[in-house]
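Residue numbers (my numbering): 1228 to 1634.
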């Protein structure tokens, strides 16, 4: 069963404006399915997962280009970066939009020479797993999430309430289309297979993983820290690896679309603010599997209940931007006095502050910390607490409690 993706309209629009479209994202988020769905009969599909095709692409890229002329869809381009100069030559020769569609399971900068080869010729989109609104088949809004009261009300009108059990069921299963859209898919089997495939096909190509056991231990230690400030030394110690190894493996997870680093807001007027990024897993199902929560009920009642909810909320907000082809202008705020605001969204010179909290009874005190933003000397727009309330509630004149199912 195919679920309509928010990015469909962006792909169609971008294809008309650029010679090359590259869709990146983790394995199994639906990149190939999305582009296959939008392809017409004239666009040939070529996957570099095919060993014979990959051999041709690596050994004789010129012949590959002759055999598969544009318009063409090349899947998993990261396996044959040597094709990129030939794609550039073809684009410069024919100068037509929509010539090449590419997918990659690693981000743009991880592929040698890509930025140099296709600068000015390629549009890069990032696809994550299914969003909550894609799952309920109602993603009609054409703008990313901003906590303006009118937008929140519009989203609530087109959503259905999520009770605590249903919410954690969705969080626990995760957002990979195969497991998120079909309750008959065995959760344990899927994520065990995903982990093994990811180890065997991606990581070994990018890093010297001498021990699969060490890498799995590292993954589990990283997953346990989702929603937290990154402490590289503590992570390396718990995983029993060197700090440099932890840095290398984290960069690979980031490049492969598995984790996201949320940077702190920092300016010359706020020198007391912490500069360490926060780590988020981009799929809460994988995070739950790695931290060994065997059911939605144990996850909701366990020690990670709050951090996994925060991770899910952050991921939904991120999808609302990335799936519309818009860079997410996200930061968090934390100063030396440990005063923290979970998320700052910047739009048109205005800051929109948000807190994430597992509560159905938010109070004015929960948004009092937003006063910290006055020192930034920037306009502060509507904000709020995204939490488990059943309807939007005013907390102050400007800030509201926002139900999670508005996302």
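From the three backbone atoms N, C-alpha and C, an ideal C-beta is built for every residue, glycine too.
Whether residue i touches residue j by CB criterion (7 Å)
| i | j | result |
| --- | --- | --- |
| residue 1245 | residue 1273 | no |
| residue 1189 | residue 1550 | There is no way to answer for residue 1189, as the model of the chain reaches only from 1228 to 1634. |
| residue 1444 | residue 1506 | no |
| residue 1492 | residue 1571 | yes |
| residue 1511 | residue 1353 | no |
| residue 1486 | residue 1508 | yes |
| residue 1306 | residue 1275 | yes |
| residue 1384 | residue 1248 | no |
| residue 1553 | residue 1371 | yes |
| residue 1612 | residue 1582 | yes |
| residue 1523 | residue 1423 | no |
| residue 1264 | residue 1298 | no |
| residue 1614 | residue 1580 | no |
Reduced DSSP category for residue i - H, G, I as helix; E, B as strand; rest coil
| i | result |
| --- | --- |
| residue 1559 | strand |
| residue 1550 | coil |
| residue 1245 | coil |
| residue 1520 | coil |
| residue 1355 | coil |
| residue 1312 | helix |
| residue 1616 | coil |
| residue 1271 | strand |
| residue 1329 | strand |
| residue 1372 | coil |
| residue 1276 | coil |
| residue 1400 | helix |
| residue 1701 | Residue coverage of the chain in this structure runs from 1228 to 1634, which leaves residue 1701 outside it and unanswerable. |
| residue 1443 | helix |
| residue 1349 | strand |
| residue 1250 | strand |
| residue 1621 | strand |
| residue 1533 | helix |
| residue 1388 | coil |
| residue 1468 | coil |
| residue 1363 | coil |
| residue 1237 | helix |
| residue 1394 | helix |
Environment of residue i [buried if 16+ CB atoms lie within 10 Å]
| i | result |
| --- | --- |
| residue 1345 | buried |
| residue 1278 | exposed |
| residue 1228 | exposed |
| residue 1392 | exposed |
| residue 1449 | buried |
| residue 1531 | buried |
| residue 1359 | buried |
| residue 1316 | exposed |
| residue 1289 | exposed |
| residue 1470 | exposed |
| residue 1377 | exposed |
| residue 1490 | exposed |
| residue 1412 | exposed |
| residue 1243 | exposed |
| residue 1181 | Look at the range of the chain in this structure, 1228 to 1634, and you will see that residue 1181 is not part of it. |
| residue 1515 | buried |
| residue 1630 | buried |
| residue 1464 | exposed |
| residue 1388 | exposed |
| residue 1483 | buried |
| residue 1282 | exposed |
| residue 1502 | exposed |
| residue 1594 | buried |
For residue i: DSSP bridge partner residues
| i | result |
| --- | --- |
| residue 1585 | The partner list for residue 1585 (beta bridge, DSSP) is empty, contrary to what the question assumes. |
| residue 1505 | 1456 and 1489 |
| residue 1565 | None, per the DSSP bridge assignment. |
| residue 1610 | 1626 |
| residue 1574 | 1577 |
| residue 1231 | BP columns for residue 1231 are empty, so no partner. |
| residue 1299 | 1271 and 1327 |
Distance between residue j and residue i (C-alpha atoms, nearest Å)
| i | j | result |
| --- | --- | --- |
| residue 1212 | residue 1536 | Nothing about residue 1212 can be reported from this structure: the residues present for the chain run from 1228 to 1634 only. |
| residue 1586 | residue 1592 | 13 Å |
| residue 1602 | residue 1348 | 41 Å |
| residue 1323 | residue 1634 | 38 Å |
| residue 1400 | residue 1446 | 18 Å |
| residue 1326 | residue 1285 | 20 Å |
| residue 1609 | residue 1332 | 36 Å |
| residue 1440 | residue 1520 | 19 Å |
| residue 1418 | residue 1255 | 11 Å |
| residue 1542 | residue 1518 | 18 Å |
| residue 1460 | residue 1267 | 50 Å |
| residue 1596 | residue 1365 | 34 Å |
| residue 1398 | residue 1416 | 17 Å |
| residue 1626 | residue 1539 | 21 Å |
| residue 1410 | residue 1404 | 11 Å |
| residue 1394 | residue 1467 | 35 Å |
Below-7 Å beta-carbon distance, residue i vs any chain D residue
| i | result |
| --- | --- |
| residue 1574 | Annotation note: the requested chain D is absent from the structure, which comprises a single protein chain. |
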